[in-house]
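Protein chains: 2
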Amino acid sequence: MPVNETAREIDQLETPVAIVDLDVLEANIARLQRFLDRHGIANRPHIKTHKIPQIAHMQVEAGAVGITCQKLSEAEVMADAGIGDIFIPYNIIGPRKLDRLVSLARRISIRVTADSAFTAQGLSAAARGARLELPVLVEFDSGLDRCGVRSPAEAADLARTIARLPGLRFAGLMTYPSSETVGPFVREVRRLLQPAGLDVECVSGGGSPAAWRAHHYPEVTEHRAGMYVYGDRHGIHHEVMALEECALKIIATVVSRPTGERGVLDAGSKTLSSDLMGLEGHGLILEYPKAVIYQLSEEHGHVDFSACAQRPQIGERVSLIPNHGCAVGNLFNHMVGVRRGRVEVVWPVAARGALQ
Amino acid sequence: MPVNETAREIDQLETPVAIVDLDVLEANIARLQRFLDRHGIANRPHIKTHKIPQIAHMQVEAGAVGITCQKLSEAEVMADAGIGDIFIPYNIIGPRKLDRLVSLARRISIRVTADSAFTAQGLSAAARGARLELPVLVEFDSGLDRCGVRSPAEAADLARTIARLPGLRFAGLMTYPSSETVGPFVREVRRLLQPAGLDVECVSGGGSPAAWRAHHYPEVTEHRAGMYVYGDRHGIHHEVMALEECALKIIATVVSRPTGERGVLDAGSKTLSSDLMGLEGHGLILEYPKAVIYQLSEEHGHVDFSACAQRPQIGERVSLIPNHGCAVGNLFNHMVGVRRGRVEVVWPVAARGALQ
């Protein structure tokens, strides 16, 4: 039985523990849904942040058209849990993965992306073998230099290739994150595809910060946001969400006070991840906001309390907002749902470690 | 069933996948054991690197006196798997954890550490309640500014406190990593404890780099090394081990080639972790040693191939040595053991996510 399975109060939870405030989580889910609904943009939340089927169901029940998974294994976990519409914005490559993809496409609604003819050809061979029609979006680079074709001409070329390939249907364009470049890019692809009679049916944008600007990119028809459900210190820093909108916290214990200034928490890089996200320090300690978690070892967080008038005793418990919620959600086997100080549920992070 | 459970050849494994070469693993385990045996130092390997009971048993069968776990939950997993002697060099704090600790101490041989009277008092209350005698080592700081008392006088004070507290036995000193400061520190503590008739029975040093210098610190009676079983790029960089002594590799697939210079792997921060360990780039690609993994997103590794004469095609598989083996071992649910190109075993990483 997981260590914290029988706890009823937050104070009974053994540390380090990841907790999510259910009132805040529900409010976050509802708020983005309302916003995207108001602007006529389909909501397709990215479950990479939480990897928990129960939260995915909450998102769908609130009005999401389906979910986004970054990995095929995540999609398998979510489909097994009853989610019926999944977008995997990833180049799925290799015969075994393609076999699994078509198995999944036989039982639920699946869309994928490609940014190369190589990927498209693999998808086509698999879909054709399974007598399926697989909707494929072309991934384009909106300025982050990650995956994606780089020009509207390349995008249009790949769209025509997809449209020609048996078993595939060209279903639109996808990028991460949504940005000012999306509009001109999409309009140019539309123009280039007109002679072939190809329509850009879906334009899928993404990012939690960009979610609240989604209506400024009128070409975008659906949005993929992940972090907005939990919130994190990076989101607060960039004013994407307020501190009280952060549902995810880590409860940690001060296990050592080697000097008057220094303290050590039982939360290190295997709890918080090493993702700095461009910030100073590895998290915000709510009880000691001036403290700096200046270094992490694997199971210890090293804190400089010198700027704090009050400093903690050994054994004291503190609450942290981590820098990167998506990384923290990936390190715990269980997420503890709390409401007004009481433990309400312990969710297995079912799609965690599903890397293939 | 885990995705790679049925693969028989390395080429059949779906990526990204963590593999460990069993010949190399066995050689690494045997080599450190021989070295420490030769120098009369007890070997107490740290399982934080692998978190796999089967590897812990290999270490014990090779001659280790027991193992080291960094967390109580790890120790519970290892005890359940039949390991009978565990050292937890950690301040164990709080009534629930202390209950679990004494439960564990009832069934196997357990030693712990303290660096404060607070920790020692908690251990004493728990051990006394359970009518046990718990061996406790005093943790001292050998220069890394992490946990541990800072001076021989503090160490001696805490040793006397432990010796006085019911249910506890002062069992020696512990530090990480072993360094030049250990000798003078230990000798001074010995001198200070002589009037009380207290002996420093065990001096536990640690670190994989320091393991091969353990005989230069004659006061050290046992050594805790973790990384030496797997090896990593950090270890190679610091000449702790040769490239061919690295047992752990990640197999990844090139999923995108957005430009002539850039490529994208299906291994990102959720596969490799964000631990840079002071190195440039996030791993060594064996087939393209001049390539630089310059950035990670969660499920993508972004590679600059511009220094490589040959560059990969989309769909090509590559092998990586990660920067930090201990972090990677923590991200996968399964470790695939291979021998001469064949898959021999798939081990669950049973103590992964055991954070409390």
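Protein sequences, first through last, are from chains W and Y. Residue numbers 1 to 356, in our numbering, belong to the letters of the first sequence in order. Residue numbers 1001 to 1356, in our numbering, belong to the letters of the second sequence in order. Using N, Cα and C, we set each Cβ at its ideal position, and we do this for glycine too.
1) Mapping the DSSP letters down to three states, classify H46 of chain W as helix, strand or coil.
2) Which whole runs of the beta strand (DSSP E) in the stretch 309-339 of chain W are 3 residues long or more, in chain order?
3) Which chain W residues are close to G1094 of chain Y, counting only those with a beta carbon under 8 Å from its beta carbon?
4) Comparing C-alpha positions only, which one of Y:T1271, Y:P1322 and Y:D1115 sits nearest to I1162 of chain Y?
5) Do I251 of chain W and L13 of chain W count as a contact pair if the criterion is CB distance below 8 Å?
6) Taking the alpha-carbon positions, what's the E1299 of chain Y to I1236 of chain Y distance?
7) Which residue comes first and which comes last in the beta strand (DSSP E) that contains H1282 of chain Y?
8) Between V1003 of chain Y and chain W, is any beta-carbon pair separated by less than 8 Å?
9) At the level of alpha carbons, what is the spacing between G329 of chain W and R1131 of chain Y?
10) When DSSP builds the beta bridges, which residues end up paired with G1206 of chain Y?
11) Within 8 Å (strictly less), CB to CB, does N323 of chain W reach chain Y?
12) Taking the beta carbon of D232 of chain W as the centre, do at least 16 other beta carbons fall within 10 Å, making it buried, or is it exposed?
13) Below 8 Å between beta carbons: does that hold for F1305 of chain Y and G1263 of chain Y?
14) Roughly how many angstroms separate the alpha carbons of A117 of chain W and T1113 of chain Y, rounded to a whole number?
15) Using beta-carbon positions only, say whether I86 of chain W and G66 of chain W come within less than 8 Å of one another.
16) Anything in chain Y within Cβ reach of H302 of chain W, meaning under 8 Å, just list it in chain order.
17) Does the beta carbon of C326 of chain W sit closer than 8 Å to a beta carbon anywhere in chain Y?
18) For a quick check, are the C-beta atoms of Y217 of chain W and T49 of chain W less than 8 Å apart?
19) Using a Cβ cut-off of 7 Å, which residues of the stretch 1147-1162 of chain Y contact any Cβ in chain W, in chain order?
20) Quick check on the burial criterion: 16 or more other C-beta atoms within 10 angstroms. Buried or exposed for T175 of chain W?
21) DSSP has M1174 of chain Y in a bridge; who is on the other side?
22) Closer than 8 Å between beta carbons: that is the criterion. Which residues of the stretch 1169-1201 of chain Y meet it against chain W?
23) Residues in the same chain with beta-carbon distance under 7 Å from N1043 of chain Y, minus the five sequence neighbours each way, listed in chain order, please.
24) If you follow the alpha helix (DSSP H) that L101 of chain W is in, where does it begin and where does it stop?
25) Does the stretch 1014-1030 of chain Y come within contact of the stretch 1195-1203 of chain Y, defined as at least 3 CB pairs closer than 8 Å?
26) Between which two residues does the alpha helix (DSSP H) harbouring N31 of chain W extend?
27) Who are the Cβ neighbours of E1026 of chain Y in its own chain at under 8 Å, not counting the five residues just before and after it?
28) Using a beta-carbon distance below 8 Å, is G1353 of chain Y in contact with chain W?
29) Give the residues of chain Y in contact with F87 of chain W, contact being defined as C-beta atoms less than 8 Å apart.
30) For S1256 of chain Y, go through chain W and note every residue whose CB falls closer than 7 Å to its CB, in chain order.
31) In angstroms, rounded to a whole number, what distance separates the CA positions of G268 of chain W and A1056 of chain Y?
32) Could you work out which residues of chain W lie near D1275 of chain Y, taking near to mean beta carbons separated by less than 8 Å?
33) Determine, using beta carbons only, whether V182 of chain W and E219 of chain W come nearer to each other than 8 Å.
34) Where L137 of chain W and S179 of chain W are concerned, what is the direct C-alpha to C-alpha distance, given to the nearest angstrom?
35) What residue range does the beta strand (DSSP E) around H302 of chain W cover?
36) Residues in its own chain within less than 6 Å of R1311 of chain Y by CB, not counting five upstream and five downstream?
So, from the data block:
1) Here H46 of chain W sits in strand by DSSP.
2) When DSSP assignments are scanned along the stretch 309-339 of chain W, the uninterrupted stretches of beta strand (DSSP E) that are 3 or more residues long and fall wholly within it turn out to be 317-322 and 334-339.
3) E14, T15, T253 and G315, listed in chain order.
4) Among Y:T1271, Y:P1322 and Y:D1115, the Cα nearest to that of I1162 of chain Y is on Y:D1115.
5) Taking 8 Å as the Cβ cut-off, L13 of chain W and I251 of chain W qualify as a contacting pair.
6) E1299 of chain Y and I1236 of chain Y have their C-alpha atoms spaced approximately 25 Å apart.
7) Bounds of any beta strand (DSSP E) do not take in H1282 of chain Y, whose DSSP letter is neither H nor E.
8) Judged by the 8 Å Cβ criterion, V1003 of chain Y is in contact with chain W.
9) Distance between the alpha carbons of G329 of chain W and R1131 of chain Y is about 40 Å.
10) According to DSSP, residue pairing for G1206 of chain Y in a beta bridge involves Y:R1224.
11) It does not: the Cβ of N323 of chain W has no partner Cβ on chain Y nearer than 8 Å.
12) Residue environment for D232 of chain W: buried (at least 16 other C-beta atoms within 10 angstroms of its C-beta).
13) Yes, Cβ-Cβ distance for F1305 of chain Y and G1263 of chain Y is below 8 Å.
14) Cα atoms of A117 of chain W and T1113 of chain Y: separation of roughly 58 Å, rounded to the nearest angstrom.
15) At the C-beta level, I86 of chain W and G66 of chain W come within 8 Å of one another.
16) Here the neighbours are D1145 and R1146.
17) Chain Y, which has a Cβ nearer than 8 Å to the Cβ of C326 of chain W, makes this yes.
18) At a Cβ-Cβ threshold of 8 Å, Y217 of chain W and T49 of chain W do not count as neighbours.
19) The residues in question are C1147, G1148 and R1150.
20) T175 of chain W comes out buried.
21) DSSP lists Y:E1139 and Y:S1204 as partners of M1174 of chain Y.
22) Of all residues in the stretch 1169-1201 of chain Y, none has a Cβ within less than 8 Å of some Cβ in chain W.
23) Listed in chain order, the non-local C-beta contacts of N1043 of chain Y below 7 Å within the same chain comprise L1032, Q1033, L1036, G1063, A1064, V1065 and H1223, local neighbours out to five positions each way being set aside.
24) Where L101 of chain W is concerned, the enclosing alpha helix (DSSP H) stretches over P95 to R107.
25) Touching, no, given that fewer than three Cβ pairs across the two stretches are closer than 8 Å.
26) Just to set this straight, residue 31 of chain W is Arg in the shown sequence, not Asn. It spans L22 to R38 - the alpha helix (DSSP H) in which R31 of chain W sits, taken as one unbroken run.
27) If we look at E1026 of chain Y and ignore the five residues flanking it on each side, its Cβ neighbours are M1058.
28) With 8 Å as the cut-off, G1353 of chain Y counts as an interface residue toward chain W.
29) By Cβ distance, chain Y contributes nothing, its closest Cβ being about 14 Å from F87 of chain W, past 8 Å.
30) Per Cβ cutoff of 7 Å: N91, D115, S116 and C147.
31) Distance between the alpha carbons of G268 of chain W and A1056 of chain Y is about 23 Å.
32) The answer, in chain order, is S269 and S274.
33) Cβ distance < 8 Å, so V182 of chain W and E219 of chain W count as in contact.
34) Roughly 18 Å between the two C-alpha positions.
35) Segment G301 to D304, the beta strand (DSSP E) holding H302 of chain W.
36) Hits under 6 Å: F1305.
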